[in-house]
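What follows is a single structure, written as structure tokens, with notes after it.
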Amino acid sequence: MFIEPYHNQQQTGQRTGWIEVICGSMFSGKTEELIRRLNRARIAKQDVKIFKPAVDTRYHHEDIVSHNASSISSIPLKDPAEMLSLAGNCDVVGIDEAQFFQESVVEVANRLADAGKRVIVAGLDMDFQGKPFGPMPSLMSIAEYITKVHAVCVVCGDVANYSYRKIPAQNQVLLGETDSYEARCRKCFHT
Ligand SMILES: [Zn+2]
Numbered sequence: 001m002f003i004e005p006y007h008n009q010q011q012t013g014q015r016t017g018w019i020e021v022i023c024g025s026m027f028s029g030k031t032e033e034l035i036r037r038l039n040r041a042r043i044a045k046q047d048v049k050i051f052k053p054a055v056d057t058r059y060h061h062e063d064i065v066s067h068n069a070s071s072i073s074s075i076p077l078k079d080p081a082e083m084l085s086l087a088g089n090c091d092v093v094g095i096d097e098a099q100f101f102q103e104s105v106v107e108v109a110n111r112l113a114d115a116g117k118r119v120i121v122a123g124l125d126m127d128f129q130g131k132p133f134g135p136m137p138s139l140m141s142i143a144e145y146i147t148k149v150h151a152v153c154v155v156c157g158d159v160a161n162y163s164y165r166k167i168p169a170q171n172q173v174l175l176g177e178t179d180s181y182e183a184r185c186r187k188c189f190h191t
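In this text, residue positions in the sequence shown follow UniProt numbering: the first is 1, and each later residue adds one.
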């Protein structure tokens, strides 16, 4: 389990920001882990803002909704640059489904962290072809902390890190169709 870094703002007078990335396949519990960290920040009376790409229209427009239905209110954005003004004076910025944002989300995450904010990013690290997904590789490179969470292979029960697409379609983004995917291990993904 990820242990939050100690946030020593009283002694230094100036907050230090940082970036955390939570990555993994579908059904790996990425969003649940993001919500867990954001809820802990709220209990610590920190001001939290949550963003997600407007392209992700599954379920409700205003909520991050994880598959186990624990949800948290979020702001859908077309352009990651909007985070810079919308984040305001908040302490913690959560970004869900980050793989769907443009590459500019990398620079935005850096600027938010440089401004003293804790930035927690969740996203798919690989697409259905097993290729690195959108800005996720760059976000993992600039992050101070990375957590890779795993699903369970539905074929053999091993640890799964691939999102296997069960229906034929070539576009990288296939939304609202969790039924079309299953988690698979390396061996079962390639067979
Ligand atoms: Zn397997």
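All C-beta atoms, glycine included, are put in the ideal place defined by N, C-alpha and C.
Notebook entry, point to check: For the beta strand (DSSP E) that T147 lies in, which residues bound it at each end?
Noted result: The residue given as residue 147 occupies position 147 in the sequence shown. From DSSP, the beta strand (DSSP E) with T147 extends over Y145 to V149.
Check: Which runs of the beta strand (DSSP E) spanning at least 3 residues fall entirely within the stretch 76 to 127, listed in chain order?
Finding: 92 to 95 and 118 to 124
Item checked: Range covered by the alpha helix (DSSP H) that runs through K49 -> The sequence position of residue 49 within the sequence shown is 49, counting from 1. Unbroken run through K49 is the beta strand (DSSP E), V48 to P53; no alpha helix (DSSP H).
Check: What number of angstroms, rounded off, separates the C-alpha of S138 from the C-alpha of R184?
Finding: Residue numbering aside, residue 138 sits at position 138 when the sequence shown is read from its first letter. Residue numbering aside, residue 184 sits at position 184 when the sequence shown is read from its first letter. In a straight line, the C-alpha of S138 is about 24 Å away from that of R184.
Check: Which stretch, first to last residue, makes up the beta strand (DSSP E) that contains S163?
Finding: Residue 163 sits at position 163 when you count from the first residue of the sequence shown. It spans Y162 to R165 - the beta strand (DSSP E) in which S163 sits, taken as one unbroken run.
Notebook entry, point to check: Counting Cβ pairs closer than 8 Å, one from the stretch 113 to 121 and one from the stretch 150 to 161, do we hit at least three?
Noted result: no
Next item on the list: Note down the Cα distance separating P5 from E33, rounded to an integer number of angstroms.
Entry: As a position in the sequence shown, residue 5 is number 5, starting the count at 1. As a position in the sequence shown, residue 33 is number 33, starting the count at 1. If I take the Cα positions, the gap works out to 16 Å.
Notebook entry, point to check: Taking a cut-off of 6 Å, which residues have a beta-carbon closer than that to any heavy atom of ligand 1, in chain order?
Noted result: C153, V155, C156, D158, R184, C185, K187 and C188
Item checked: Beta carbon of I72 nearer than 8 Å to that of L124 -> To locate residue 72, count along the sequence shown from 1; it is residue 72. To locate residue 124, count along the sequence shown from 1; it is residue 124. In this structure, L124 does not lie closer than 8 Å to I72 by Cβ.
Notebook entry, point to check: Under the three-state reduction of DSSP, which class applies to P132: helix, strand or coil?
Noted result: Locating residue 132 in the sequence shown gives position 132, where the first residue counts as 1. Here P132 sits in strand by DSSP.
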